[in-house]
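According to the working numbering, the stretch in the sequence shown is residues -9 to 283, in order. For each residue, glycine too, the CB sits at the ideal point set by N, CA and C. To start, the structure under review is shown below, and the notes come after it.
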Amino acid sequence: MRRLPHVTWLRSFEAAARHSSFSSAADELSLTPAAVSQQIRLLEQHLGIQLFKRLAKGVQLTDVGLAYAIPIRKSFVEMQSATDGLFRIQSKSVVRVRCSISFAALILAPRLHEFSRLHPEIDVELSTAVWSDRITGAGVDLDIRFGEDGWSEQNVHPIPVRDATIVCHPDYAGSLGTTLSHEALQDAAIVTIVGSETDWDRLFLKYGLDGPRHDHWIKADSSLIALQILSAGRGCAIISRSFAQSDLDAGRLVAPFDLDLSMSSNFTLVERDDIRGRKDITAFVDWMLAQSL
């Protein structure tokens, strides 16, 4: 395997190839034209082939020089990108937010452009988890959790979402009829969301439906997955309007019955204990709590 040329030779070659000029390359690299010419000559000797045609006015890449310039330029661009991405001085602060995949995809992600517009000095790193527990380490600053109260962190903020309703595909709604009844749901393909298994029992009790709750057709671990299942044309589920609203507005799904069911649990914004007082954290918390979900 041939030994790689010296990087300073390649640097002069790439600049000269890009400018088609030793003088312009010298200006860019803060060298003399003679130094650039010497480095390219050493590169040609190392490779054993001519890379430039020396003309009366300027220089021109040979066919081999042109073929060599393309990957060399790409390599320098990639090295610059890696250096900037990994080692540049951070001019922005970063807020690391974790939440459920449903909350992230259906509520938070579509709104983040607004936060960025209001706070261009703050970057948000968004990650997801099915079930969250205590924040450990520095990888998460804020956690949006679903479930009962009792979190061990000191600073927690309730984030209520809208009541739930029965949701299904427009083509499937006809099989449920127009009036909510036990009979209407007798043969329904019920999609149950993990963690909300009692929602159907609570709905039956609230609306006085006699008879036991029917078995579910399938279980989904999130509202997002349940909505995707329903969008395929089969099944119905009880889902918060905050999660289903974009699908309802677009007509991809419908709420066939005029009913609402309060959420059995709700969401809470939890701050990591050791970040109290950070202005970027306060900005995100205030913005999040001001959202109308």
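Reference residue i, options the options, closest by Cα
i	options	result
I265	L283, L220, N145 and T118	N145
I134	L249, R192, R262 and A72	R262
G185	W277, G75, L37 and A216	A216
K82	I271, C158, L283 and R192	I271
A59	L166, E4 and S236	E4
E111	T168, V275 and K269	K269
R1	A57, G267 and R63	R63
R(-8)	A24, T(-2), G38 and V275	G38
D205	S20, K196 and L175	L175
Sequence-distant residues of the same chain with beta carbon closer than 8 Å to residue i, five excluded per side
i	result
T49	Rather than Thr, the amino acid found at residue 49 in this sequence is Val. If we look at V49 and ignore the five residues flanking it on each side, its Cβ neighbours are A6, S10, S11, F12, F42 and K43.
S230	V151, R152, D153, A154, S213 and M253
Q40	E34, T52, V54 and G55
Residues of its chain near residue i, where Cβ-Cβ distance is below 7 Å and the 5 sequence neighbours each way are ignored
i	result
D189	A154, I228, L251 and S254
R101	Q281
G129	R86
Three-state secondary structure assigned by DSSP to residue i
i	result
Q176	coil
L51	strand
H206	strand
V184	coil
S221	helix
G201	coil
T73	helix
D211	coil
L170	coil
Beta-bridge partners of residue i, as assigned by DSSP
i	result
L132	V87 and E261
P148	T258
V244	C158
R44	V49
S230	A154
T62	The sequence shown places Ile at residue 62, not Thr. According to DSSP, I62 bridges with nothing at all.
D113	V84
G137	N256
L251	A154
T118	C89
Continuous alpha helix (DSSP H) stretch holding residue i: start and end
i	result
F105	L102 to L108
E34	P23 to L37
W277	K269 to L279
E18	F12 to L19
D191	D189 to K196
R266	First-last for R266: undefined, no H or E at that position.
E143	Element bounds for E143: n/a, residue is neither H nor E.
A6	V(-3) to H9
Contact set for residue i: own chain, Cβ-Cβ below 6 Å, skip 5 residues either direction
i	result
A179	W207, R224 and G225
W277	F105
D113	K82 and V84
I149	F257 and L259
L95	In the sequence on display, residue 95 carries Ala and not Leu. Closer than 6 Å at Cβ, skipping near neighbours: L214.
E143	V260 and D263
H36	P(-5)
Any chain D beta carbon closer than 9 Å to residue i
i	result
M253	Structure shown: chain D not included; a single protein chain is present.
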